[in-house]
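Chemist:
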């Protein structure tokens, strides 16, 4: 049964213009959204372990943010999911060791990205790395994301389409 435009919830695209939302609705109605995503992002990356993810993230950090704090822990986290609206998470865990306060930086990436396109994994990683320099989602934050990954905004939009498609398929 085909969906009607009014029946399609685009919760991941709420911040975008009505015109863009209508274009996505049309892809869904015409059942072309999966083909669109496969055509643009048909490959799956090969980073499957926390160790490989740690290496990947540190290489990106080294290329773009050499002076940023060291990342102590990186992992795919199966507790991060769309219900919590978190695809990635950066934290600074502070502990007292001896008489000193130690802060450890962690990056967690939602496990759904184990089977995603390499472009989507890179976009999420860049997003979390940018938080090492910019805490808020402000103009400087997005400028840094675009610097580290040209085309970041398009990838973020397409990732939101991908999340919508995943939800429709389930």
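Numbering (the working numbering), first residue to last: 7 to 176. Virtual Cβ for every residue (Gly too), placed ideally from N, Cα, C.
Could you work out which residue in 27, 110, 49, 119 is closest to residue 138 when comparing CA atoms only?
Modeler: 110
Chemist: Residue 90 by DSSP, collapsed to three states: which one?
Modeler: Note that residue 90 scores 49 on pLDDT, short of 50, meaning its location in the model is unreliable and no value can be drawn from it.
Chemist: Going by DSSP, what residue range makes up the alpha helix (DSSP H) through residue 41?
Modeler: 39-46
Chemist: For residue 24, does the three-state DSSP call read helix, strand or coil?
Modeler: In the structure shown, residue 24 sits in a helix (DSSP, three-state: H, G or I).
Chemist: Using 8 Å as the threshold, is the segment 109-128 in touch with the segment 17-33, meaning 3 or more CB pairs across them?
Modeler: The segment 109-128 is not in contact with the segment 17-33.
Chemist: Three-state secondary structure (DSSP) at residue 53?
Modeler: coil
Chemist: Tell me the DSSP secondary structure of residue 58 in three-state form.
Modeler: helix
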